[in-house]
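Undergrad: Questions regarding the structure given below will be posed in turn.
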Ligand SMILES: [Mn+2]
């Protein structure tokens, strides 16, 4: 049996990469973690039966021969897959667009820095002339737009834009996409971002101006990674990153351009 799975706190790019995977690997079952983002949960509540998708506790691990991992390359981010970790005969494929080094040793992998992970799988679907229904095209477009800020983030590549064109030509519905796409900043994200920007410690390092903030949070804030997009526009020359943990967020921004997107 082949399964395709992705990271916990599943975002739309991860979901659409799993869906693309089920088209790319005939007979494979998509396994979506129990913890998913709000818009993914909304989408699955009405569309799950249209796809080959199950939950991790519905899978019989001992019959899995091939594990396809999309949008991550780290064991700890998968949901209930530990049992597979030491299985020597297991074939593992990875499709990922993150540049972090992971700990999954793949038999084969496609890791390239595209704006969205689904772009990599879609490129292969196109190459093999596998056709997409309008619903499949719409699901893939939502993932593509979510990870690239509708092609606006600086991490967007020409391939992402070509992928969007292909999906639109295949009947992707922008009205449905707009319904499921998260706004770039929700109120809780704006509050955190403004607090971070208000209380910055500023200094210069090798002619680069840096501002560092640490903020403690009382409760978990879903989708905190949204704030990470500030990094892409404001700290190109620094390898600084906003990291969200359960109770703490810290980050570095360039104080001169420290205005959040509307
Ligand atoms: Mn992604």
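Numbering (my numbering), first residue to last: 670 to 931. All C-beta atoms in this analysis are idealised placements derived from N, C-alpha and C, irrespective of residue type, glycine included.
Could you tell me which of 882, 857, 754 sits nearest to residue 868, measuring between CA atoms?
TA: Taking the chain shown and counting its residues from 1, one reaches residue 868 at position 199. Residue 882 is the option with its Cα nearest to residue 868.
Undergrad: Which residues in the same chain as residue 705 place their Cβ atom closer than 6 angstroms to its Cβ, once the five residues preceding and following it in sequence are excluded?
TA: Along the chain shown, read from residue 1 onward, the residue named residue 705 stands at position 36. So the qualifying residues of the chain are 679.
Undergrad: With DSSP collapsed to three states, give me the class of residue 792.
TA: By one-based count along the chain shown, residue 792 stands at place 123. If DSSP states are grouped into helix, strand and coil, residue 792 belongs with the helices.
Undergrad: With hydrogens ignored, establish whether the beta-carbon of residue 816 is closer than 6 angstroms to any heavy atom of ligand 1.
TA: For the purposes of this step, residue 816 is identified with residue 147 of the chain shown, where counting begins at 1. Result yes, Cβ under 6 angstroms from ligand 1.
Undergrad: Can you tell me which of the three DSSP states residue 840 falls into?
TA: Here residue 840 corresponds to residue number 171 of the chain shown, with the count starting at 1. Coil, per DSSP.
Undergrad: Name the DSSP beta bridge partners of residue 872, please?
TA: One-based indexing of the chain shown puts residue 872 at position 203. According to DSSP, which records beta bridges pairwise, residue 872 is partnered with 879.
Undergrad: Roughly how many whole angstroms lie between the Cα atoms of residue 857 and residue 887?
TA: Start at 1 with the first residue of the chain shown, and residue 857 comes out as number 188. Start at 1 with the first residue of the chain shown, and residue 887 comes out as number 218. Distance between the alpha carbons of residue 857 and residue 887 is about 12 angstroms.
Undergrad: Using DSSP with H/G/I as helix, E/B as strand and the rest coil, what is residue 778?
TA: The residue given as residue 778 occupies position 109 in the chain shown. Residue 778 falls in the strand class under three-state DSSP.
Undergrad: Could you compute how far the alpha carbon of residue 854 sits from the alpha carbon of residue 758?
TA: For the purposes of this step, residue 854 is taken as the residue at position 185 of the chain shown. For the purposes of this step, residue 758 is taken as the residue at position 89 of the chain shown. Cα to Cα, residue 854 sits roughly 44 angstroms from residue 758.
Undergrad: Residue 762: buried (16+ other C-beta within 10 angstroms of its C-beta) or exposed?
TA: By 1-based counting over the chain shown, the position of residue 762 is 93. Buried is the call here.
Undergrad: Which whole-angstrom value is the C-beta distance of residue 686 and residue 790, which I expect to be below 8 angstroms?
TA: Taking the chain shown and counting its residues from 1, the one referred to as residue 686 is at position 17. Taking the chain shown and counting its residues from 1, the one referred to as residue 790 is at position 121. Indeed, because the Cβ distance is near 6 angstroms, the residues count as touching under 8 angstroms.
Undergrad: Within the present structure, is the beta-carbon of residue 771 separated from the nearest heavy atom of ligand 1 by less than 6 angstroms?
TA: Here residue 771 is taken as the residue at index 102 of the chain shown, counted from 1. Every heavy atom of ligand 1 is 6 angstroms or more from the Cβ of residue 771, so no.
Undergrad: Mapping the DSSP letters down to three states, classify residue 860 as helix, strand or coil.
TA: Taking the chain shown and counting its residues from 1, the one referred to as residue 860 is at position 191. Three-state DSSP puts residue 860 in a helix.
Undergrad: State whether the segment 764 to 784 contacts the segment 794 to 807, with contact taken as three or more CB pairs (one from each stretch) at a distance under 8 angstroms.
TA: Segments in contact, no.
Undergrad: What is the C-beta distance between residue 812 and residue 682, in whole angstroms, given that I count them as a contact (C-beta under 8 angstroms)?
TA: Indexing the chain shown from 1 puts residue 812 at position 143. Indexing the chain shown from 1 puts residue 682 at position 13. Confirmed, Cβ separation roughly 4 angstroms.
Undergrad: When the Cα atoms are used, what is the spatial distance from residue 671 to residue 818?
TA: Residue mapping note: residue 671 aligns to position 2 of the chain shown, counting from 1. Residue mapping note: residue 818 aligns to position 149 of the chain shown, counting from 1. Rounded to whole angstroms, residue 671 to residue 818 spans 32 angstroms at the Cα level.
Undergrad: Hey, quick one: how far does the alpha helix (DSSP H) through residue 688 stretch, first residue to last?
TA: Within the chain shown, the letter at position 19 stands for residue 688. 681 to 693 is the extent of the alpha helix (DSSP H) around residue 688.
Undergrad: What does residue 699 pair with, by DSSP beta-bridge criteria?
TA: One-based indexing of the chain shown puts residue 699 at position 30. Paired residue(s): 673, 722.
Undergrad: Decide if residue 650 is buried, meaning its Cβ has at least 16 other Cβ atoms within 10 Å, or exposed.
TA: What the structure shows of the chain is the stretch from 670 to 931, and residue 650 is not part of that stretch, so it cannot be assessed.
Undergrad: Going along the chain, which residues of its own chain have a beta-carbon closer than 8 angstroms to the beta-carbon of residue 690, five neighbours each way excluded?
TA: Indexing the chain shown from 1 puts residue 690 at position 21. Excluding positions up to five away in sequence, the list reads 673, 697, 699, 737, 739, 764, 790.
Undergrad: What separation, rounded to the nearest whole angstrom, lies between the Cα atoms of residue 694 and residue 773?
TA: As a first step, residue 694 must be located in the chain shown, where it is residue number 25. As a first step, residue 773 must be located in the chain shown, where it is residue number 104. Their Cα atoms are separated by approximately 20 angstroms.
Undergrad: Per DSSP, residue 730 forms a beta bridge with which residues?
TA: Taking the chain shown and counting its residues from 1, the one referred to as residue 730 is at position 61. Per DSSP, none; premise fails for residue 730.
Undergrad: Would you say the beta carbon of residue 955 is closer than 6 angstroms to some non-hydrogen atom of ligand 1?
TA: Absent from the model: residue 955. The displayed extent of the chain is 670 to 931, so no value can be given.
Undergrad: For residue 718, count the other beta carbons within 10 Å of its own beta carbon; 16 or more makes it buried, fewer makes it exposed. Which is it?
TA: Along the chain shown, read from residue 1 onward, the residue named residue 718 stands at position 49. Looking at its Cβ environment, which holds fewer than 16 other Cβ atoms inside 10 Å, residue 718 is exposed.
Undergrad: Is there at least one non-hydrogen atom of ligand 1 closer than 6 angstroms to the beta-carbon of residue 682?
TA: On the chain shown, residue 682 is found 13 positions in, with the first residue counted as 1. Yes, the beta carbon of residue 682 sits closer than 6 angstroms to at least one heavy atom of ligand 1.
Undergrad: Is residue 820 closer than 7 angstroms to residue 846 when the C-beta atoms are compared?
TA: The residue given as residue 846 occupies position 177 in the chain shown. The residue given as residue 820 occupies position 151 in the chain shown. The answer is no: Cβ separation not under 7 angstroms.
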